[in-house]
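Comments concern the structure below.
In my numbering, the protein residues as written are 1 to 63.
This is the structure:
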């Protein structure tokens, strides 16, 4: 995880991963988890869409 964070230094994702969570309260941490879970679901949807598009393109060019 530390190596991944170093590779992302200076990016919004790197900043998010490097953020100190210790001063956050329970409600804030819970809300953060919910937001991150929603973002993960959004990313997975886009990944699935891109995989589908890639598969469709491969099928066209294999003919």
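Note that beta-carbon positions come from the ideal geometry of N, C-alpha and C, so glycine has one too.
All values reported here derive from a predicted model rather than from experimental measurement.
Query	Result
Inside the segment 4-59 only - alpha helix (DSSP H) runs reaching at least 4 residues	12-18
Sequence-distant residues of the same chain with beta carbon closer than 7 angstroms to residue 8, five excluded per side	14 and 17
Inter-residue spacing [alpha-carbon to alpha-carbon] between residue 26 and residue 37	16 angstroms
Alpha-carbon spacing of residue 23 relative to residue 49, whole angstroms	38 angstroms
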